[in-house]
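S.K.: This note's numbering applies: residue 11 is where the sequence shown begins, and numbers increase by one. We put the beta carbon where it would ideally sit given N, CA and C, even for glycine. Before I ask anything, let me first share the structure, which is written out below as structure tokens.
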Amino acid sequence: MKFTKFFVFVLATICFAAPAMAATQVQLAVVTKPGSAQYVAAEKFAELINKRSNGEYNVKLYHSGSLGKETEILQQVQLGAIQMAIVTLGPFDTFVPEIKAVAFPFLFKDYETADRVLDGPVGKEALESLAQAGFKGLQFSENGFRNLSNNRGAIHSAKDVKGLKLRVMQSTFHKELWRTLDANPTPMGWPIYSELQQGTIDGQENPLWVFDEYKLYEVQKYLALTGHVYSVHIDIANLQWFEALPKETQTMFETAMRDAAIYQRKVNREKEAEYLATLKEKGMIIDEHPDMKSFREMVKPMRNMDMYKEPKTRVLLNKLLDATK
Ligand code: EAX
11 MKFTKFFVFV LATICFAAPA MAATQVQLAV VTKPGSAQYV AAEKFAELIN
61 KRSNGEYNVK LYHSGSLGKE TEILQQVQLG AIQMAIVTLG PFDTFVPEIK
111 AVAFPFLFKD YETADRVLDG PVGKEALESL AQAGFKGLQF SENGFRNLSN
161 NRGAIHSAKD VKGLKLRVMQ STFHKELWRT LDANPTPMGW PIYSELQQGT
211 IDGQENPLWV FDEYKLYEVQ KYLALTGHVY SVHIDIANLQ WFEALPKETQ
261 TMFETAMRDA AIYQRKVNRE KEAEYLATLK EKGMIIDEHP DMKSFREMVK
311 PMRNMDMYKE PKTRVLLNKL LDATK
């Protein structure tokens, strides 16, 4: 009797504990902190994978810069030191030049157009272009429309940007964009609170959630709702690692990331009005209707710049421009 009980106990331990013990860990990094847009997508993805794989896979999240800036995170995924990441598009363009086409200024007029194009065949093609740098592009999730803030003075039209010491992402495109607008752009990783506080830079540009989550209203006075670039995050895996997974696991990862992105975009959009209200309440001086015609005019020559002449970039940009019509 005693023996039988022991036997049942051992058997139960093996049956129930073994799958948990055997869980394969997947490391996923974001540069931002819990509560951020990247983290909301990452957390949802982890939850879905843990559930849908019945504990066979366990997604471990790294955040708050614990694995470095976004460029360093990309390098680690590239090397296979970690398997996955959710990274802002900006820093990708030093790895895959043509991906910058997706950030082309004023490309998407609204969220619906962004979803339609990025979830469609052209978006798929853009994701596939990441393979040349060793990335499996799984999905686009959302950072949001970027808005310009600064401490120097109110910015209503493009001419007010002249000489502004502006932090930009570590991105070829973003630097060029702000040069075209006559600002004085300095590429830096994230976060940038202390640089803004110390006045090393006058301004920066980011979606509204960033101002709230990172308390930028404490160190930035003027905000103009320029929405100049629809900023995405790209949800990636190390290509070699991903391709070595069983087919059905690959599908599970793809589907979970798609579902996580759809969920995260919805959350981001639903909260936008609330974010804006908070920034007003915190005393930021907000121009809700800057003269966007002046910005559009000034960035018009960009599409003929050298960086868009590279054939692959040109092709992708033209496809994107076509698809947004
Ligand atoms: O996602 O570096 C940036 O400006 C990003 O937009 C920021 O990490 C928030």
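Below 6 Å, is the gap between the Cβ of Trp251 and the nearest heavy atom of the ligand EAX?
M.R.: Walking along the sequence shown from the start, residue 251 turns up at place 241. The closest heavy atom of the ligand EAX lies 6 Å or more from the beta carbon of Trp251.
S.K.: Within the present structure, is the beta-carbon of Asn216 separated from the nearest heavy atom of the ligand EAX by less than 6 Å?
M.R.: As a first step, residue 216 is located in the sequence shown; it is residue number 206 there, counting from the start. Yes, the beta carbon of Asn216 sits closer than 6 Å to at least one heavy atom of the ligand EAX.
S.K.: For Pro300, which residues of its own chain have a beta-carbon under 6 Å away from its beta-carbon, when the five flanking residues on both sides are left out?
M.R.: Indexing the sequence shown from 1 puts residue 300 at position 290. Around Pro300: His166, Ala234, Thr236.
S.K.: For Gly213, does the three-state DSSP call read helix, strand or coil?
M.R.: For the purposes of this step, residue 213 is taken as the residue at position 203 of the sequence shown. In the structure shown, Gly213 sits in a strand (DSSP, three-state: E or B).
S.K.: Residues in its own chain within less than 6 Å of Val18 by CB, not counting five upstream and five downstream?
M.R.: The residue you call residue 18 lines up with position 8 of the sequence shown. Summary for Val18: the model assigns pLDDT 49, below 50, so the residue's position carries little reliability, and this model does not support an answer.
S.K.: Compute the beta-carbon to beta-carbon distance between Pro197 and Met179, rounded to the nearest angstrom, for a pair I have assumed lies under 8 Å.
M.R.: On the sequence shown, position 187 is the one that residue 197 refers to. On the sequence shown, position 169 is the one that residue 179 refers to. Taking a contact as a CB-CB distance under 8 Å, the pair Pro197 and Met179 counts as one, their CB atoms being some 7 Å apart.
S.K.: With a floor of 3 residues, list each beta strand (DSSP E) that falls wholly inside the segment 233-302, ordered by position along the chain.
M.R.: 240-248, 295-297
S.K.: Ser146 to Pro107, Cα distance in whole Å?
M.R.: One-based indexing of the sequence shown puts residue 146 at position 136. One-based indexing of the sequence shown puts residue 107 at position 97. As written in the sequence, residue 146 is Lys, which differs from the Ser given in the question. For Lys146 and Pro107, the distance between alpha carbons rounds to 16 Å.
S.K.: Helix, strand or coil: how does DSSP classify Phe145 here?
M.R.: The residue you call residue 145 lines up with position 135 of the sequence shown. It is a strand residue.
S.K.: Report all residues from its chain with a CB closer than 6 Å to the CB of Leu289; omit the five preceding and five following residues, and keep chain order.
M.R.: For the purposes of this step, residue 289 is taken as the residue at position 279 of the sequence shown. So the list reads Phe221, Tyr227, once near-sequence residues are dropped.
S.K.: With DSSP as the reference, identify every bridge partner of Ser159, one or two as the case may be.
M.R.: Numbered from 1 along the sequence shown, position 149 holds the residue referred to as residue 159. Gln214, Leu233, per the DSSP bridge assignment.
S.K.: Does at least one heavy atom of the ligand EAX sit under 6 Å from the Cβ of Trp200?
M.R.: Walking along the sequence shown from the start, residue 200 turns up at place 190. Yes; taking the cut-off as 6 Å, the Cβ of Trp200 has a heavy atom of the ligand EAX nearer than that.
S.K.: Leu37 and Ser151: beta carbons closer than 7 Å?
M.R.: Walking along the sequence shown from the start, residue 37 turns up at place 27. Walking along the sequence shown from the start, residue 151 turns up at place 141. Correcting the residue identity first, residue 37 is Gln in this sequence and not Leu. Result no, Cβ atoms of Gln37 and Ser151 do not sit closer than 7 Å.
S.K.: What do you reckon, is the C-beta of Thr98 under 6 Å from a heavy atom of the ligand EAX?
M.R.: Position 88 of the sequence shown, counted from the first residue, corresponds to residue 98. At least one heavy atom of the ligand EAX is nearer than 6 Å to the Cβ of Thr98, so yes.
S.K.: If you drop the 5 nearest sequence neighbours on each side, which residues of the same chain put their C-beta closer than 7 Å to that of Pro256?
M.R.: Counting from one through the sequence shown, the residue named residue 256 turns up at place 246. Same-chain partners within the cutoff: there are none.
S.K.: In whole angstroms, what separates the C-alpha of Pro217 from that of Gln250?
M.R.: The count along the sequence shown starts at 1 and reaches residue 217 at position 207. The count along the sequence shown starts at 1 and reaches residue 250 at position 240. Distance between the alpha carbons of Pro217 and Gln250 is about 33 Å.
S.K.: I'd like to confirm something about Met179: is its beta-carbon nearer than 6 Å to some heavy atom of the ligand EAX, or not?
M.R.: Residue mapping note: residue 179 aligns to position 169 of the sequence shown, counting from 1. Indeed, a heavy atom of the ligand EAX lies less than 6 Å from the Cβ.
S.K.: Kindly indicate which three-state DSSP category Glu152 falls into: helix, strand or coil?
M.R.: Counting from one through the sequence shown, the residue named residue 152 turns up at place 142. It is a strand residue.
S.K.: Buried or exposed: which applies to Thr42, given that a residue is buried once 16 or more other Cβ atoms fall within 10 Å of its Cβ?
M.R.: Taking the first residue of the sequence shown as position 1, residue 42 is located at position 32. Classification for Thr42: buried.
S.K.: Is the shortest distance between the beta-carbon of Trp188 and the beta-carbons of chain D less than 7 Å?
M.R.: No chain D appears in the structure shown, which is made up of a single protein chain.
S.K.: Does the distance from the C-beta atom of Ala143 to that of Phe105 stay below 7 Å?
M.R.: In the sequence shown, counting from the first residue as 1, residue 143 sits at position 133. In the sequence shown, counting from the first residue as 1, residue 105 sits at position 95. Using a Cβ distance threshold of 7 Å, Ala143 and Phe105 count as a contacting pair.
S.K.: Given a cut-off of 7 Å on the beta-carbon distance, is the pair Phe155 and Tyr240 in contact?
M.R.: For the purposes of this step, residue 155 is taken as the residue at position 145 of the sequence shown. For the purposes of this step, residue 240 is taken as the residue at position 230 of the sequence shown. The answer is yes: Cβ separation under 7 Å.
S.K.: The beta strand (DSSP E) spanning Met94 covers which residue range?
M.R.: Locating residue 94 in the sequence shown gives position 84, counting from the first residue. From DSSP, the beta strand (DSSP E) with Met94 extends over 94-98.
S.K.: Kindly indicate which three-state DSSP category Leu191 falls into: helix, strand or coil?
M.R.: Looking up residue 191 in the sequence shown gives position 181. Three-state result, Leu191: coil.
S.K.: Do you know how far the Cα of Lys322 is from the Cα of Lys79?
M.R.: On the sequence shown, residue 79 is found 69 positions in, with the first residue counted as 1. On the sequence shown, residue 322 is found 312 positions in, with the first residue counted as 1. Lys79 and Lys322: Cα-Cα distance of roughly 27 Å.
S.K.: Does the distance between the C-beta of Asn157 and the nearest non-hydrogen atom of the ligand EAX fall short of 6 Å?
M.R.: Against the sequence shown, residue 157 aligns to sequence position 147. No - the ligand EAX has no heavy atom lying nearer than 6 Å to the Cβ of Asn157.
S.K.: Straight-line CA distance for Glu264 to Gln149?
M.R.: Start at 1 with the first residue of the sequence shown, and residue 264 comes out as number 254. Start at 1 with the first residue of the sequence shown, and residue 149 comes out as number 139. Taking the straight line from one Cα to the other gives about 8 Å.
S.K.: Run the proximity test for Asn160: is its beta-carbon closer than 6 Å to any non-hydrogen atom belonging to the ligand EAX?
M.R.: To locate residue 160, count along the sequence shown from 1; it is residue 150. Checking the Cβ of Asn160 against the ligand EAX gives no.
S.K.: List the residues that DSSP assigns as beta-bridge partners of Val69.
M.R.: One-based indexing of the sequence shown puts residue 69 at position 59. Residue pairing by DSSP puts Val69 in a beta bridge opposite Val36.
S.K.: Which residue spans inside the segment 102-135 form an unbroken alpha helix (DSSP H) run of at least 4?
M.R.: Counting only runs of 4 or more residues that sit fully inside the segment 102-135, the alpha helix (DSSP H) segments are 121-128, in chain order.
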